[in-house]
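In the numbering used here, the protein residues as written are 37 to 721.
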């Protein structure tokens with residue numbers, strides 16, 4: 037049940053105005069990405085350079101967007117989402133001005149690199165919607181912002197063509213910069229700052245490692261068509277990316293305040309949604325690229341229509357408008373059927389569109405309809421993915437989680453661009469008029485690849501767990517678990533959290549416990565938020581209002597604790613975990629207790645875990661390690677005898693008695709009898 041909105045919230049900017057401003061920010065992003073595409077064939081002559089060098093005007097934007105998205109998203113969670121929205125807008129303004137005032141390749145590339153940071157506006161804007169919109173409007177806002185990626189791309193091409201034909205190419209950057217100035221003023225006037233912020237230190241090492249890995253990977257993928265896929269430079273960059281990524285993952289797992297929370301990212305819903313995002317992003321960009329190029333190809337290719345840049349943009353405009361028009365429909369369908377079902381449906385519709393593109397290509401209308409079907413599926417899928425992500429991560433990490441999802445979609449679009457370029461380059465033919473153009477078999481190969489990627493994304497989404505459904509008990513208003521009903525009992529995005537609760541989880545000696553999980557629920561069991569502790573044992577939870585809540589804390593190796601307590605903004609008393617889970621037992625010698633012997637525990641794969649000694653009664657105990665397979669070894673130095681036994685450790689205290697002479701083990705599973713209660717709370721299991 038949603039708490040009533042505070043009066044202060046009602047008196048702020050209207051919901052519709054916030055959605056409009058943030059959606060226009062999303063349009064600015066896609067406009068920046070497509071504005072220079074129609075001019076790429078002319079830029080070598082304009083800037084006095086080669087085609088390969090001119091392609092950096094697109095590549096550098098891709099690189100800065102990919103590197104900047106996870107960093108800016110994390111900073112937004114830490115220091116304020118509106119603040120980082122403004123920072124990104126200033127980057128677009130300065131970058132546009134640098135490019136507009138320049139006539140050299142280097143400075144234009146520099147300006148384009150700064151404008152690439154505008155891509156960070158989308159995940160940050162989506163997170164702002166979750167923080168400030170009522171729950172019944174978040175879905176439509178997210179769907180609209182996702183759809184603006186299509187309308188911006190569709191408008192960008194004809195707009196660029198008109199501007200270039202009537203004015204100087206510098207005007208392109210003046211127009212985009214002017215649009216950014218307008219949006220900057222609108223953000224200042226309309227968008228409120230979020231009160232949901234995390235504290236702590238920024239993960240500089242993680243940011244550096246991820247930036248190096250992404251730069252090497254995306255540079256190799258985007259330039260492989262020019263350098264060659266098996267060239268030493270391409271292979272070296274891919275190898276460096278793999279090695280750095282292999283170092284980055286363990287670092288993120290060790291640090292208390294990671295740039296990307298790997299543990300959250302491998303949760304089933306987040307992991308599968310992100311995996312599907314790569315494939316959906318691939319299919320989306322493959323559809324966009326081939327649609328624009330196919331209708332511009334010469335008529336004597338047998339499949340082209342010889343359309344101008346402006347006419348091409350106008351032909352693609354209905355697909356972009358369709359994506360925007362579908363946003364409220366997508367939001368309504370997500371509320372009714374759930375984001376998982378809509379993601380699957382969107383992926384299947386995209387596949388149908390690609391199959392249609394491979395079979396129906398005899399007229400411009402057929403191309404528009406089939407590409408429009410693929411765009412329709414894209415609108416549904418793009419609306420569902422952020423919703424799935426936001427329902428599976430803590431409220432205080434929505435920007436960074438959406439940033440990672442946006443990054444993975446960008447990797448998919450980059451891969452599509454590289455694949456299309458490679459396939460087209462390998463199938464060039466000379467037309468009757470003497471022009472070079474790819475064969476239609478190359479287009480069909482891309483279409484079938486897009487269909488396969490769409491189906492793959494839908495298949496991955498099918499493995500996302502379905503939410504628990506609830507139904508109302510007739511006449512009582514109470515909600516009972518059951519298969520009926522349309523509303524899922526999940527964490528409600530957009531509950532307008534007004535306060536942050538901060539606390540610490542410590543051990544019996546006051547030492548902080550890192551990577552513990554604190555979860556807060558309403559007394560009736562409805563999920564509110566959850567958070568993971570950092571190196572100082574600190575956590576942050578976002579609540580819709582002060583009141584009585586159920587707080588549950590768990591940590592590897594410790595018995596979970598729960599309490600009903602009154603929570604308000606600010607610091608709460610530290611939660612002390614008092615019941616250590618143990619691996620324990622007795623060491624015997626032919627049935628008799630054997631004291632003073634060494635007991636050692638290692639992982640099944642050989643890593644050291646712990647060492648202790650049995651007491652005079654042969655009893656031993658070590659802290660329960662994480663679940664997995666282990667080897668327990670006892671050593672009697674007096675007689676020189678040893679004995680080892682395999683043991684499977686789960687999430688409950690485990691007992692294993694071992695006889696050093698006979699080697700006969702007697703395992704017993706133990707569970708906690710009673711859970712200690714934090715001060716001021718009532719006991720819970």
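Just so you know, even glycine gets a beta-carbon here, dropped at the ideal spot from N, CA and C.
- In this structure residue 378 is not in contact with residue 351, their Cβ atoms being roughly 28 Å apart against a cut-off of 8 Å.
- Taken atom to atom, the span from the alpha-carbon of residue 475 to that of residue 338 is near 9 Å.
- The continuous alpha helix (DSSP H) containing residue 151 extends over residues 141-151.
- Here residue 86 has 80 as same chain residues with Cβ atoms under 7 Å from its own Cβ, once five neighbours each way along the sequence are excluded.
- Sixteen is the threshold: when 16 or more other Cβ atoms of the shown chains lie within 10 Å of the Cβ of residue 431, as they do, the residue is buried.
- The Cβ atoms of residue 106 and residue 243 lie closer than 9 Å to each other.
- Burial of residue 381 is indicated by the presence of at least 16 other C-beta atoms within 10 angstroms of its C-beta.
- Only exposed fits residue 545, as fewer than 16 other CB atoms lie within 10 angstroms of its CB.
- Taking the Cα positions, residue 124 is about 20 Å away from residue 180.
- In this structure, the straight-line span from the alpha carbon of residue 146 to that of residue 256 is close to 20 Å.
- Shown here, residue 375 sits in a helix according to DSSP, grouped into three states.
- DSSP, read as helix, strand or coil, puts residue 490 in helix.
- Residues of the same chain with a CB within less than 8 Å of the CB of residue 659, apart from the 5 flanking positions on each side, are 593, 616, 617, 618, 619, 646 in chain order.
- Contact between the segment 481-488 and the segment 294-313 is not established, with fewer than three Cβ pairs separated by less than 8 Å.
- Bounds of the alpha helix (DSSP H) holding residue 299 are 298-301.
- Each of 568, 418, 626 was checked against the Cα of residue 301, and the nearest Cα belongs to 568.
- When rounded, the separation of the alpha-carbon atoms in residue 64 and residue 320 is 18 Å.
- By the C-beta criterion, the segment 667-677 is judged not to be in contact with the segment 604-613, since fewer than 3 inter-stretch pairs fall below 8 Å.
- Shown here, residue 501 sits in coil according to DSSP, grouped into three states, outside any helix or strand.
- For residue 448, no beta strand (DSSP E) run applies; the uninterrupted alpha helix (DSSP H) run containing it begins and ends at 434-461, by DSSP.
- Here the alpha carbons of residue 597 and residue 448 stand approximately 42 Å from one another.
- Here residue 281 carries a helix assignment [DSSP, helix/strand/coil].
- Residue 613 has its alpha-carbon roughly 27 Å from the corresponding atom of residue 667.
- Between the beta-carbon of residue 182 and that of residue 67 there is about 15 Å, and that puts the pair past the 8 Å contact cut.
- For residue 554, the uninterrupted beta strand (DSSP E) run begins and ends at 553-557, by DSSP.
- CA-CA distance, residue 335 to residue 473, rounds to 11 Å.
- Residue 339 sits in coil when the DSSP states are folded into three classes, being neither helix nor strand.
- Here the segment 433-451 makes contact with the segment 293-300; the two share three or more CB pairs at distances below 8 Å.
- Only residues of its own chain outside the window of five on either side were considered, and among them 312, 315, 316, 383 have a CB closer than 6 Å to the CB of residue 493, listed in chain order.
- With respect to residue 631, residue 695 sits apart: the two C-beta atoms are not nearer than 9 Å.
- The straight-line gap separating the alpha-carbon atoms of residue 636 and residue 282 is approximately 30 Å.
- Residue pairing from DSSP leaves residue 205 without any beta-bridge partner.
- Sixteen is the threshold: since fewer than 16 other Cβ atoms of the shown chains lie within 10 Å of the Cβ of residue 269, the residue is exposed.
- In the three-state reduction of the DSSP assignment, residue 135 falls in the helix class, which pools H, G and I.
- Residue 227 carries a coil assignment under DSSP once its states are collapsed to helix, strand and coil.
- Rounded to the nearest angstrom, the gap between the Cα atoms of residue 697 and residue 629 is 11 Å.
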